[in-house]
Structures are given as structure tokens and as C-alpha cells.
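For reference, the structure is listed below as C-alpha cells.
Residue numbers (the numbering used here), protein chains in the order written: chain A, 1 to 443; chain B, 1 to 481.
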């Protein structure tokens, strides 16, 4: 990484000649993916990517440029100067040198996992799932990789870290006549031994078992248990948007004036936590050099804080919360690190037992298509089960759900006692909700 | 897996690359480097992609210009086929290319599927450059900003508008493709996409309306939008007091834009044969000749159309673009293929293997997908609907092959053959095997929509376009509260 640092310093030096302040951010990643298609090993991929981004304050305005891959790093300063003529006013300072607390995100063992071992894991996953349902076709991806991040700015701030990641994902498709059943799940961590192979297959097999029979629902308001995957699939996007400091600042978040107010059920607490050991969303400092933290967003139903990067915080008269993130190494913007929804006291079985008539929802499609800014969620239930008199009776189809998170999460009949990670950026228990609109065909 | 595909045993040999090129202004230094790297490996087939791109993005949030940035990128990849399996290596720099080719070959050897022969391709030598009247990527930043400033001001000064979003992006991409079969193609492509969003607020109620647009890089796409920006803002404000539709089954009329999204989601993705080629059950459902809709229904994918966002001369496997009928007169006539899927299904490659950039291998994708015009007028479709919904414009769409959803940006009740009150945006859903049968009228007013982009297998957004005339669907499930 020594070489990299010299290049960063060089870009910073030439930027300082034309700018009041400057910041250089670079990220490089290597990943290897073993990919099975329809139960067979189709492809092995190695990818390398890298980017260097320059942000400058010139004549009081922000300029920005990025070079990816072998893109022209020499031209970075010129491009940043060109954009700065039109940029927004520079209203903050880049953070100066500071101590970053240690966040565990690197496991040297990940790099050493042999491709043969990854192939083996894939075969194992597929064999286990086919042991339950022989004619299922599985697409499996096993990925290992590392990311190296470094940052330096004209105010003396600098830092760097390495991060590893290991992930498994499995999607199964079962076609009978014109009926298509999808099952899927994934596991990921910075540490390979925290990625549970039997846990993953157990969950997929459970989905297949529950989906064996079919059931129908009427068109009406019904209680719904969202599994952790269901929470991520249906409820997450409106919340992520509403806590974004930018949406709050411009008045487009329904939570704009709700800081300190009870908006959600008392049982609900939500954190943005960039410090979880070996969490794939974790980091010691954000992409602007601000230290990471465990930030309470909702405590016992009360809205506690929003997510800020440096620029948005300055405009809002707040401090950055260490949530300045760059998609693809680009322009920073407030974003979650990893959301942690605190678990409750009800077991999944007890929730199901409690339902006279309702649904369990594991996945919806189209949830992001409504007015999510206003809190609406909804979509077609891709994987969900009907509950009658406390028993799961089968899979539902041709069913849509629709609701608003601010109504549905205001009073929750229950929060599950078993939380788990979904996609590495959300840890949540199942949520038991009431009064969600359900629409089916032929009503 | 059984099937009608007969594979022949392929003996492994050293690939030899023979080029007989008349100099046509290629980058000869790069050509020599790439051709040299392709030589001397034990693989059935190898290809190398290299690309360079430049992009400009401009983002507004409310009255603030939030981001204005320039990006430059370059890199490439190697894909090797050995005994039926693929190795893929992406890289940032061309140096050490031979070693990267070796790695891809080594990776491919790890797998052991049944060997197959790729759908055959004629060795092709060509260079392709866009012909633009006014290339957006060459316009000064100040000009781009002037237009966007104007639309932003129009929306912001409209009543009840709390905030706005504008996302503008243009890019140019120059790709080089070479294979061990002797193909060498250089293509340059430009693309422009933008979305204007108006956000209206009253008390704690928030509604939004948007306008998506795009072009093959022609700057005229962002000119002359004053009236549209004004309408978008008005619509967002009107939604604040609009009622929610009561969920249920309705007869719906889709405007050309939303019907295009419908064609893309409800049928286009199911036509991508990488979903089908390894799945015996799906192959039986998707057997050519099967009836999917009425005689009036024709669905086409055509990358060879001129000057649309999904247009190109060669796909990312170097195959020439061609028009494919997916459904003709209601019957399944074809599907979209890569060289692998075409070979394995015993069908013809269609030139639909595309990659979003050099970090990804090409996969089967749509290009310009549309429903061909019929003969019904909008008034005729409307006339005999007692109660229904007219849906326009889009928020998005998604599919699980069998089930799909797509959402309208604008919706109106239809009562007794007439358009009635404005509704909150609605989500529509259906099952592909029944919904296409339920299309009972197809209009005469085909329009192609250039906004948005398509995502699949982690590759998003890919420039595509889609289109349709107005269409009417019976028994469509509309979600609501």
C-alpha cells in the first residue's frame, strides 16, 4: 500500500497548488467469485477494480473528479478545477488528523481460501438443498475478496484500512407447469468462519418445506409477520430514505420535525452501527475521514438522530455522524453503514400461534416502486405463506400487499427474539405487524 | 440435463489467431498487444475486452446543485472457455495481459461442465462510431447547467413544491473486442440519461412526480422541456389531494410509456434465454410456437434500430445486432441469445450478450423492446369501460419471470367510458402466462421511451429503450389500500 500512498500524496500536492483545500480518496478491491448455474459450476471470476477521487475547494466552491481502473489520474486536477466553477459553496473543513478506534474488519485467512475449497462449498450447498428437493435448480455464488481504502487531505487528515469479505448466496428455482417458486438466502462476513454454511441451507430447506402446499388469501386487511428477509425486502427502503440527513434538510422526509418524538412503537429501537466486529458494513472511519460510531436512530420508538456527511451536516448545523459514503468511490453522500434493529421478546413460533388469519412475508418484488419517500411500501409477494389458526398452511401467490411504514410500525403486536443478518447491512428479528392491506386476484 | 442439444466432443488445442486486416485506422499498438496476448493458450475460445470511458454527472437537490463531477475510467477483461466452463478476469491496466489470459484459462479449468461449441461467428473486423448532430459529451458544462437550472427553477417555483431532484448523466465509451476466432471490433458509444423529480408537501403528506428521459448521446433530449417540467411539478402537487385507488382487479389502459415498461418486465425478461436454457421445465413452458396472446400481439427486440439508447451494431460478444420477433401474432417465435445459450438450445444467436462495463462478463440482455402498433384508437379503448384505471408513465418495474410488477407514475379512474379523478400512483401486478392473454386492445400510436435503465445480475443500469402503443388489459390486479 506504500506505493499507493505516494500517489495519493502526489495528487494532493498538485491539487493544493490550485485549491484552498483538497482531499484524495482511493479504494481498490480484488474479488474472486465461483459461480454455479443450474447446479453446475459455470464460471470462475477474478475482478480487480480501483479508483482515485479528488475533491477540492477552489474559490470557495467544490470541485470533484474521479479516475477508475487505469483512468487518467494526471487529469484529475484539471477535471476537478473545471467542475469547481459550477460547484456548490464549500461550507465545511476536511477533518484534521485524528485517532481512529480499531474496528475489526480484516481476516487474513480470507485471501488464502483456495478456489478449490470454494468450489467444494458450492457443491455442498447444492447437495444439501437437492437432498430436500431433487429437481430444484440452484444458482450459487461464493465470493472472497479484500478492499484497501486510503484517504488524505490538506488539513492533515489521513487514514487507511484493509477489509476482507466472504459471502455465500443461493437462489433456487423450481418450475412446475407454469408455477415458478423462488427461494433464496445469503450469508456474509469479513471473517470466513462466521459464514454459516448449514445455517444457510437450513433456511432454504425451511422455505421449500413451507412452500410445498399452496394456500389462498382473501382481499382484506390482515396481520403480517415479516421475516428478517421480508423486513429487508419490504420495509427497509422507506426508512433508509427518511433518516437520510439530506431528505431531512430539504424537508422531504416525513421525519423532518420528529426529532425527539415518539413515531414508532415503544418496542422498536434502531441503530446505525459501523463498529460491529467483522460486519461487512463496518469501517473505522467513513469515506470522508470521520470516525465511525454506533448511532441511535430510534430508541424505544423515539426518533433520535439522522445520518449526515460533512457537507449536509454543515448545511443543517449538525455534525457529521460518520456516514459519508461513496458509491463506487464517487461523490460522498449520507448512507447507512449497517442497520441493527433491536430484538424483542416473542418467539417466531409464538407469533405464528397468535395469528388467526394472516401472512408470513419473506420477499416481495416491486417494493421500491411506490411513494417510498412518503413511507409507502408494497408489492407482489414473491415468497410468502398463509397462516390459519396458528398454523402455516402453505404458500400464497398472485397476492399484493400495501401499507405505510409510519402506520404499520406505530403499533407492533410483537418483535421477534431471534435476530439475524440479511445481506450484511441489516440485522433484524422478524416483525409482527397488523392491518396490512392484502389484495389478491379474483376478489 | 436432457434436451435436444447434441454436443460434440471438443478436442483441446492451442488457439491460433490469424489476422488479415487491412489497416482501417485501428489503434495498431493496442491491436498488436491484444492479439499477441491471445496467442498460445490451451483453451477452446478466448476473448479480450478493453474500454475507456468518460462521464459527467450533475445532481440537484432542491435549489442546491449538489454534485457536479467528471469521471474517467479504463480497464478490460479476459474471458476463456475451456471444456464447457468459463474463466473471467478483469483488470485495470493492459500490462501483463498474457498472465491475465493464463489466469482466466486456469480458472476455466476448475469447472467441468459438459463441453459445447459456441454458436458460430464469422470473423469480423470493423470500427463503429456514433453519428450525432449535437454530442452531449462534447457540450460545455455551463450549457448543460443552464438547461438544468431552468427546469429546476420552473419546478421549484410551482405551488406546494417542497423540493426537487435532478439527476443528469452523459457518457462516452470506447470498447475494443478481440477473440481467438479472429474478430477485432472497435466501437464507440454515447449515452445520456436524466430524471427530473418534483416533491410536493402539505403537512406530513409527501408526494412526488417524475420525468425520465434519455438519448443515444444526442443533447437535444434535454432541450425544450419547460412545459414538461411545469406539468411534472403540477402533478406532484395534485397528488397531495388525490385519493388512493381501492385495491382489486380492474380493466386498465396503459399509456405507451408504461406499456413499454410492461413489455420489458412482463415478457422481455422471460425471453432472455439464460433463464431458460438450463431449465428443462421452463424450456417446455417456453417452447417456440406456444400461444401467449391474441393474434394482434407482436413483441419485438431490435438493437439494429437507429439512434435509440439500446441500439448497437455488435453486442459484447462481437455478434451483429439483429431484429428478433419474440411474439408474432400471439405466438412465441423467438428469444434473446448469447452464443452459449443459442448453441445449447440449438437456436440462432441474436446479438443480445451485453455487459455494463469491463468489470462484468456479457450476459443475455434486451436492447430496444416494444409492442408493435395495432389499430385501436385511445377513445375506442376507453369507450366501453364501466369502471377501470388509466395508468401513465412509470416509477419502475420488476419481474420474477412468472410474476411481475410495474408501477405507474400517474393514474386516473375511468368511469362510464370517460377519464375521471386523478389517483395516487398505483402498482400493478400480474402473471405473465395469463396477463398477455388478457390484452384485448392494442393502439395505433407506438412511442419509444428512452428513460431509465435495466438491471440484471448486479449489472445496472444498462441503457435500453422500450415502447408500445396504448394497450388495454382486462383483469389486472391493482394494489391499493
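From the three backbone atoms N, C-alpha and C, an ideal C-beta is built for every residue, glycine too.
At a cut-off of 7 Å, the C-beta of residue 182 of chain A has a neighbouring C-beta in chain B. In the DSSP assignment, residue 296 of chain A falls within the unbroken beta strand (DSSP E) covering 294-299.
Per DSSP, residue 278 of chain B lies in no beta strand (DSSP E) segment and is marked neither H nor E. Taken in chain order, the complete beta strand (DSSP E) segments of 3 residues or longer contained in the region 231-275 of chain B are 248-254. When the Cα atoms are used, residue 339 of chain A and residue 214 of chain B turn out to be separated by approximately 35 Å. Chain order gives the chain A residues near residue 108 of chain B as 43, 44, where near means a beta carbon separation below 9 Å. In the displayed model, residue 106 of chain A falls within coil according to three-state DSSP, outside both helix and strand. Three or more beta-carbon pairs drawn from the region 103-111 of chain A and the region 157-168 of chain A are found closer than 8 Å, and the two stretches are therefore classed as touching. Cβ-Cβ distances below 7 Å link residue 223 of chain B to 147 in the same chain, with the five nearest sequence neighbours on each side left out; the list follows chain order. Contact with chain B is found for residue 38 of chain A, since one of that chain's Cβ atoms lies less than 7 Å from the residue's Cβ. A Cβ of chain A is located within less than 7 Å of the beta carbon of residue 67 of chain B. Shown here for residue 130 of chain A: same chain residues with a beta carbon closer than 8 Å to its own, the five before and five after excluded, namely 39, 136, 138 in chain order. At a Cβ-Cβ threshold of 7 Å, residue 128 of chain B and residue 313 of chain B count as neighbours. Counted as a single uninterrupted DSSP element, the stretch harbouring residue 93 of chain A is not any alpha helix (DSSP H), since DSSP gives it neither H nor E. 7 Å or more divides the Cβ of residue 417 of chain B from the Cβ of residue 376 of chain B. In this structure the region 448-456 of chain B does not lie against the region 279-296 of chain B, because fewer than three pairs of beta carbons, one per stretch, are closer than 8 Å. Bridge partners of residue 59 of chain B according to DSSP: B:67, B:167. With respect to the C-alpha of residue 301 of chain B, the residue from B:350, B:285, B:274, B:413 having the closest C-alpha is B:350. Ranked by how close their Cα comes to the Cα of residue 413 of chain A, the residues A:290, A:195, A:440, A:345 have A:345 in first place. In the three-state DSSP reduction, residue 312 of chain B falls in the coil class, being neither helix nor strand. Classified as buried, residue 49 of chain B has 16 or more neighbouring CB atoms from the shown chains inside 10 Å of its CB. Counting along the chain, residue 153 of chain A sits inside the beta strand (DSSP E) bounded by residues 137-153. Under the Cβ criterion of 7 Å, residue 47 of chain A is counted among the residues facing chain B. Judged by pairs of C-beta atoms under 8 Å, the region 40-55 of chain A touches the region 94-114 of chain B, as three or more such pairs exist.
Within chain A, not a single residue places a beta-carbon under 8 Å from that of residue 175 of chain B; the smallest gap is close to 13 Å. Residues are counted here when their Cβ sits less than 8 Å from a Cβ of chain A; for the region 183-213 of chain B these are 199, 201, 204, 205, 206, 207, 208, given in chain order.
Per DSSP, residue 362 of chain B lies in no alpha helix (DSSP H) and is assigned neither H nor E.
Rounded to the nearest angstrom, the gap between the Cα atoms of residue 369 of chain A and residue 240 of chain B is 18 Å. Per the Cβ contact rule, the region 132-146 of chain B is not in contact with the region 40-49 of chain B (fewer than 3 Cβ pairs under 8 Å). Here the C-alpha atom of residue 174 of chain A lies approximately 15 Å from the C-alpha atom of residue 206 of chain A. Per the coordinates, the alpha-carbon of residue 268 of chain A lies some 39 Å from the alpha-carbon of residue 68 of chain B. Per the C-alpha coordinates, the member of B:91, B:344, B:204, B:340 positioned closest to residue 352 of chain B is B:340. Taking a beta-carbon distance threshold of 7 Å, residue 145 of chain B counts as an interface residue toward chain A. Pairing residue 64 of chain A with residue 83 of chain A gives a Cβ-Cβ distance under 7 Å. Residues of the same chain with a CB within less than 6 Å of the CB of residue 47 of chain A, apart from the 5 flanking positions on each side, are 31 in chain order. In summary, the residues of the region 266-297 of chain B whose CB is separated from some CB of chain A by less than 7 Å are 278, 279, 281, 282, 285, in the order they occur in the chain.
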